[in-house]
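One structure is given below, encoded as structure tokens.
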């Protein structure tokens, strides 16, 4: 690579740790962008031309990459709505425990401002994704679940919120939390099933939440996406039992696969 070239698009996304759909995660080619018109033309490389006044640069482990904002805007031409929101959630995440890398990779307000000023391809879906991103989602599946709950007309939840019992004793951090109604919804990845130690901790955690009068709903890979046993339906039932009354929702997220104009 020349000094005027950098990794970009989904290659930069992978370096930023952004969760991507399988079709992009299995991509064998790398994306390289040039700021001086010297777009690379090599086998296995997807070359792009960038304008230096419209892109920011960063380094990850010494590698030149487009910065977090520029990478997000590039992804707006490649990802469907839910996956773009998941990318934004990853970039703005303030983790509970500080990682080796400085987080968040971009502040929420900075990403919103940058998207508002952006007028390139993908601007419509980028602006909508910025409207629905939230700090606190720690996985792509958590983001997708939150958006599905909102599409079902359910209230906006809190994310990764500490849950305590009546005596104030800490019980757990909850993924998707409706504290007013004491309803907790979570997506369990495969490690919750395959790790005996994780499985044991999950049982103890669930029992503690139930004793504290929380409704704890859990889904996974094989949970139905629609119907009475889907998490949106189960969550609606739990909230209703706890006193929630449905209200007409003026704003709901676009469809999962929406790509804007």
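Numbering (my numbering), first residue to last: 26 to 286.
In this text, a Cβ means the ideal position worked out from N, Cα and C, and glycines have one as well.
What you are looking at is a predicted structure, and each value in this text was computed from that prediction instead of being measured.
Discussion item. If you reduce the DSSP assignment to three classes, tell me which class residue 100 lands in.
Written reply: helix
Worksheet item: How would you label residue 19, buried or exposed, when you count the other beta carbons within 10 angstroms and need 16 or more for buried?
Response: The structure shown does not extend to residue 19, since the chain is modelled only from 26 to 286, so the question has no answer here.
Worksheet item: At what residues does the beta strand (DSSP E) containing residue 187 begin and finish?
Response: 183-189
Worksheet item: Between residue 198 and residue 187, what straight-line distance do the alpha-carbon atoms span, to the nearest angstrom?
Response: Their Cα atoms are separated by approximately 4 Å.
Item to complete: Reducing DSSP to helix, strand and coil, say where residue 211 ends up.
Response: strand
Fill in: Within 7 Å, strictly: CB atoms of residue 102 and residue 160
no
Item to complete: With DSSP collapsed to three states, give me the class of residue 75.
Response: coil
Practice prompt. Specify the secondary structure class of residue 131 as computed by DSSP and reduced to three states.
Written response: DSSP places residue 131 in coil when its eight states are reduced to three.
Worksheet item: Alpha carbon to alpha carbon, what distance is there between residue 27 and residue 76?
Response: 16 Å
Worksheet item: Buried or exposed: where does residue 67 fall if 16 or more other Cβ atoms within 10 Å of its Cβ makes it buried?
Response: exposed
Worksheet entry | Bridge-paired residues (DSSP) for residue 65 | In the DSSP output, where bridge partners are listed per residue, residue 65 has none listed.
Item to complete: Drop a sphere of 10 angstroms on the beta-carbon of residue 84, count the other beta-carbons inside from all chains shown, and report buried for 16 or more, exposed for fewer.
Response: exposed
Worksheet entry | Length of the line joining the Cα atoms of residue 128 and residue 230 | 28 Å
Discussion item. With a threshold of 8 Å on Cβ separation, who are the neighbours of residue 195 within its own chain once the five nearest residues in sequence on each side are excluded?
Written reply: 187, 188 and 189
Worksheet item: Per DSSP, residue 85 forms a beta bridge with which residues?
Response: 88
Worksheet item: Applying the criterion that 16 or more other CB atoms from any shown protein chain within 10 Å of the CB defines a buried residue, is residue 154 buried or exposed?
Response: buried
Item to complete: Determine the extent of the beta strand (DSSP E) in which residue 143 is found, giving its start and end residues.
Response: Run containing residue 143: none; DSSP gives neither H nor E here.
Item to complete: Could you check the C-alpha separation between residue 39 and residue 73 for me, to the nearest Å?
Response: 17 Å
Discussion item. Count Cβ pairs between the region 172-179 and the region 247-266 that sit closer than 8 Å; are there 3 or more?
Written reply: yes
Worksheet entry | As assigned by DSSP and simplified to three states, the class of residue 196 | strand
Worksheet entry | Identified DSSP bridge partners for residue 335 | Because the chain spans 26 through 286 in this model, residue 335 falls outside it and cannot be assessed.
Worksheet item: In terms of residues, what are the limits of the alpha helix (DSSP H) holding residue 230?
Response: 221-236
Fill in: Under the three-state DSSP convention, the category residue 136 falls into
helix
Item to complete: Answer yes or no: do residue 338 and residue 278 have a C-beta to C-beta separation smaller than 7 Å?
Response: The structure shown does not extend to residue 338, since the chain is modelled only from 26 through 286, so no value can be given for it.
Fill in: Residues near residue 55 in its chain [Cβ-Cβ closer than 8 Å; skip 5 each side]
32, 36, 69, 70 and 71
Worksheet item: First and last residue of the alpha helix (DSSP H) that includes residue 45?
Response: Run containing residue 45: none; DSSP gives neither H nor E here.
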